[in-house]
Amino acid sequence: MKSFTVGAAVAALALVSAAPAAAQDPNGRFQVKGFVTAVLPDGEITEVRTDTIGLPGGSQVSASNSYVPTVAIEYFVNPSFSLETICCVTPHDVEGEGALAGAALIDDAIILPATVTAKYHWAMDGGFKPYVGAGVTHFFIFNEEVGSDAAALGATDVGLSDEFGFVLQAGFDMPLNDQGLGFSVDAKRYFVDTTATFRAGATTALQTEHALDPWVISAGVSYRF
């Protein structure tokens, strides 16, 4: 995972540094952004579907935060309306809260949030351009492993389901020069659930529904061409 994170950071920087070789146009159709991004999920249990191990009352969980480089690619249909997609993967652990406080339940789950949003932009004095947006997403979740405390209770395997959801977005773009380089801040709120299934051998020992619902906060440089 460390090698991926470093590689993504290098790729984002390469996109920005290579940009002057392209046709420079602050009002161009395309915009590429290299971000530093905080992914802040919830992860709480919203429903217990199967429980053969007897969860204690007051059991709850949370998912760890993640800080990663990301890249956004945007196409402007016209000066006010654009379509955007992002590229990133984020690693997370799941730990117990409440009666399960501190318990290591799921390790190294990786989320790939395939996302497309439609955005509306306003042009203001000085080139400042706030925007709002909304769209759809599909969370692909893989690589999850049984945490040490879940393993001690007999869990041999764990899976988190891939799910569709939707996303709301707001932010702004600010030009740094008249050749397409800018500074951007972006905030997204995702609304996505997942189902966690713990197995003991071939038996489903515990199955719970979770609200992931992460905030995704990004800041970085942009280049429009």
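Count the sequence shown with mature numbering (1 follows the signal peptide of the UniProt record, and there is no 0) and you get residues -23 to -1, 1 to 202, in order. Quick reminder that beta carbons are idealized off the backbone N, C-alpha and C, glycines included. Bear in mind the structure is a predicted one, so any value in this text is a computation, not a measurement.
request  = Determine the burial state of L153: buried for a count of at least 16 other Cβ atoms within 10 Å of its Cβ, exposed for fewer.
outcome  = exposed
message = I'd like the list of long-range same chain contacts for G124, defined as Cβ closer than 6 Å, with 5 residues on each side in sequence excluded.
response = A81, L82, I83, D84
query = Is DSSP giving D163 helix, strand or coil here?
reply = strand
inquiry  = Please return the same chain residues whose Cβ sits closer than 7 Å to the Cβ of F175, not counting the five positions on each side in sequence.
reply    = A127, A132, V135, A182, L183
Under the three-state DSSP convention, the category D126 falls into = helix
task = Reducing DSSP to helix, strand and coil, say where A(-3) ends up.
result = Because A(-3) sits at a pLDDT of 41, beneath the cut-off of 50, its placement in the model cannot be relied upon, and the following sentence gives the value as read from the coordinates. Correct three-state label for A(-3): helix.
message = Whether or not the stretch 111 to 118 and the stretch 135 to 151 are in contact is what I'm after, with contact meaning three or more pairs of Cβ atoms, one per stretch, closer than 8 Å; do they touch?
response = Contact holds: three or more Cβ-Cβ distances are below 8 Å.
Helix, strand or coil at G103 according to DSSP, with G and I counted as helix = helix
key: Beta-bridge partners of V45, as assigned by DSSP   = T14
key: Segment contact flag, the stretch 61 to 74 with the stretch 41 to 48, C-beta cutoff 8 Å, min 3 pairs   = yes
key: Contacting residues, own chain, Cβ-Cβ under 6 Å from E51 (five flanking each side not counted)   = Q8, S59, E61
ask   = Expressed to the nearest angstrom, what Euclidean distance is found between the alpha-carbon atoms of E74 and P33?
value = 11 Å
query = If you run the structure through DSSP and keep just helix, strand and coil, what is T172?
reply = Looking at T172 - three-state DSSP - the assignment turns out to be strand.
key: Straight-line gap, I30 to T171 (C-alpha atoms, nearest Å)   = 20 Å
message = What would DSSP say about P3, mapped onto helix, strand or coil?
response = coil
Coil, strand or helix - D19 by DSSP = coil
message = On the DSSP letters alone, give me the boundaries of the beta strand (DSSP E) that D139 sits inside.
response = No beta strand (DSSP E) contains D139, which DSSP labels as neither H nor E.
message = Let me check understanding here. Comparing Cα to Cα, which of T94, L77, V25 lies closest to A188?
response = For A188, the closest C-alpha among the options T94, L77, V25 is that of V25.
ask   = Mind checking residue 267: buried by the 16 CB within 10 Å criterion, or exposed?
value = Because the chain is modelled from -23 through 202, residue 267 falls outside the range shown and cannot be assessed.
ask   = Tell me, which residues are paired with H64 by DSSP?
value = Note that residue 64 corresponds to Cys in the displayed sequence, not to His. The partner list for C64 (beta bridge, DSSP) reads V48.
ask   = Quick one: what's got a C-beta closer than 7 Å to D155's C-beta in the same chain, skipping five residues either side?
value = P3
query = Which whole-angstrom value is the C-beta distance of I88 and I63, which I expect to be below 8 Å?
reply = Not a contact, Cβ separation roughly 12 Å.
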